[in-house]
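The sequence shown begins at 2 in this note's numbering and counts up by one. Glycine residues also receive a C-beta, built at the ideal position from the N, C-alpha and C atoms. None of the values given here were measured: they were computed from a predicted structure. Notes to accompany the following structure.
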Amino acid sequence: MTIRSRNRGKFAKPVKPREFCRLWFGADEAMENTRGYRAECVRLLSRVLGVRPETINSKWGEGIDFEKMPEQYEKTLAYANCVREMADAAGKDPALAEIIIERIKRLS
Numbered sequence: 002m003t004i005r006s007r008n009r010g011k012f013a014k015p016v017k018p019r020e021f022c023r024l025w026f027g028a029d030e031a032m033e034n035t036r037g038y039r040a041e042c043v044r045l046l047s048r049v050l051g052v053r054p055e056t057i058n059s060k061w062g063e064g065i066d067f068e069k070m071p072e073q074y075e076k077t078l079a080y081a082n083c084v085r086e087m088a089d090a091a092g093k094d095p096a097l098a099e100i101i102i103e104r105i106k107r108l109s
């Protein structure tokens, strides 16, 4: 299947970092206010985006909105969120989990 370049952007809506952390951790407003939540978000964003935690802490803003994060990373967060959704679905469907595991084995 070929995806034409004009259609590529339709598959994943950009995701802001706060929304990404909320989705990944299943967080609500109360959890966002707990001690250490921002640090967990920084660790997650660092791993997913391949950006050093120091860069995130010093350049992306102080709160959990990370309002100064470069916009180009929003698409990467959208794709990472798709992977999370697939993993969640696989956890509920053993057949799907097996398909995903086989695919990962072929890529290794």
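**Item:** C-alpha distance - VAL49 paired with LYS76, whole-angstrom precision
**Value:** 12 Å
**Asked** Mind pulling the alpha helix (DSSP H) runs of 4 or more residues that sit fully within the stretch 26-71?
**Response** 30-33, 38-50, 54-60
**Prompt:** In terms of alpha-carbon separation, which member of ILE105, ASN82, LEU108 lies closest to LEU24?
**Reply:** ASN82
**Coil, strand or helix - ALA13 by DSSP** = coil
**Message:** Mapping the DSSP letters down to three states, classify ASP94 as helix, strand or coil.
**Reply:** coil
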